[in-house]
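Structure first, then comments.
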Amino acid sequence: MTTNTVPQGQSRKNTFAPLIMDVAVPVGSYYLFKDGLGTSTLMALGLSSLVSAGRVAWSAVRERKVNALAGLILFVNVVGLMLSFVSGDPRLMLAKDSGISSAVGIGILVSVALGKPMMTAGMKPWLVKGDAEKEAAWERLRSGSPAFRRAERVFSVVWGVVLLGECVVRIVGAYTLPVDTMVWLGSVIFIAAMALGFLVSGALAAGPMAGMLAAEVQAGAGTFAPEGKAGETRATPSAPVLAR
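Numbering of the sequence shown is given in our numbering, commencing with residue 8 and proceeding in unit increments.
Next comes the structure, spelled out in structure tokens:
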């Protein structure tokens with residue numbers, strides 16, 4: 008019988024650590040500088056970019072690899088910095104808001120092409136939920152199940168396409184609809200895109216992956232079931248061998 012010695016709290020901490028360090032900290036620092044300390048948008052983007060840049064540099068030196076999630080946040084901040092210099096034309100000001108979505112969408116699709124789906128870091132914590140058995144099942148499926156890896160890629164592809172689509176719709180709207188209409192419609196388009204992304208990615212990828220995880224956990228529990236319990240595999244006494 009195999010006993011899992013990883014504490015539940017430690018497993019949960021390890022699962023959510025990438026999201027906290029690579030997304031929550033830089034995004035939170037942006038709002039802290041901008042709204043809490045009253046700095047300009049340009050200054051807030053620049054200072055929060057230092058957090059992501061530090062994470063990318065740390066991963067490159069310590070782990071000898073590029074931290075994709077931190078790199079994406081840094082890329083988005085750089086795009087935001089460049090777009091902050093755009094001014095004058097109100098339609099161009101509305102269109103520039105879609106630049107962030109396009110940057111994220113392109114980054115996600117590139118990560119899929121490189122074989123490292125970026126949205127996995129955001130999906131995995133909600134499927135694993137800090138459970139050590141689900142964490143182990145995830146690793147087994149990721150290494151041995153083509154269907155699981157395909158669903159993982161599909162999840163990121165859906166979000167990449169949705170964000171690029173949202174970008175296109177907002178740019179078209181910025182140049183074809185009245186400015187006053189797009190001021191409020193832009194937020195509606197964004198919310199609708201997020202809802203569509205959750206719905207489609209859940210149906211095509213996250214839902215099936217959750218089912219595969221549950222089945223794998225159950226199979227693992229059956230393999231290591233204590234004697235006398237359901238799922239146990241016991242040796243059957245062999246029949247006597249008769250001499251010919």
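Built from N, CA and C at the ideal position, the CB exists for glycine as well.
Practice task
Answer with buried or exposed for Glu146, where buried requires no fewer than 16 other C-beta atoms within 10 angstroms of its C-beta.
Solution key: Exposed is the call here.
Problem - Limits of the alpha helix (DSSP H) - the one that Phe40 falls within - result: Per DSSP, Phe40 belongs to no alpha helix (DSSP H) and is neither H nor E.
Practice task
Verify whether the separation of the beta carbon atoms of Val165 and Gly218 is less than 9 Å.
Solution key: no
Practice task
Assign Val190 to one of three DSSP states: helix, strand, or coil.
Solution key: helix
Handout entry: Sequence-distant residues of its chain with Cβ nearer than 8 Å to Phe162 (five each side left out)
Key = Pro124, Met126, Thr127, Met130, Ser208, Leu211, Ala212, Ala213, Met216
Handout entry: Cβ-based burial, Val63 [other Cβ within 10 Å; buried from 16]
Key = Residue environment for Val63: buried (at least 16 other C-beta atoms within 10 angstroms of its C-beta).
Handout entry: Whether Ala144 touches Val224 by CB criterion (9 Å)
Key = yes
Exercise for the section: In angstroms with no decimal places, state the Cα-to-Cα distance between Gly122 and Asp187. Expected result: 42 Å
Handout entry: Contact belief for Gly167 with Ile115 at Cβ below 8 Å, rounded distance in angstroms
Key = Right, their Cβ atoms sit about 4 Å apart.
Practice task
Under the assumption that Ser36 contacts Val68 (Cβ atoms under 8 Å), give the Cβ distance between them as a whole number of angstroms.
Solution key: The Cβ separation is near 22 Å, so there is no contact.
Exercise for the section: Go ahead and pull the three-state DSSP assignment for Leu184. Expected result: coil
Exercise for the section: Note down the Cα distance separating Val179 from Leu44, rounded to an integer number of angstroms. Expected result: 35 Å
Exercise for the section: State yes or no: is the C-beta of Ala102 within less than 9 Å of the C-beta of Arg149? Expected result: no
Handout entry: Coil, strand or helix - Gly137 by DSSP
Key = In this structure, Gly137 counts as coil in the three-state DSSP scheme.
Problem - Proximal residues to Ala200 (C-beta, below 6 Å), its chain only, five neighbours per side dropped - result: Val169, Glu173
Problem - Option nearest Val175 by Cα separation, candidates Ala158, Ile107, Pro185, Phe155 - result: For the residues Ala158, Ile107, Pro185, Phe155, the minimum Cα distance to Val175 belongs to Ile107.
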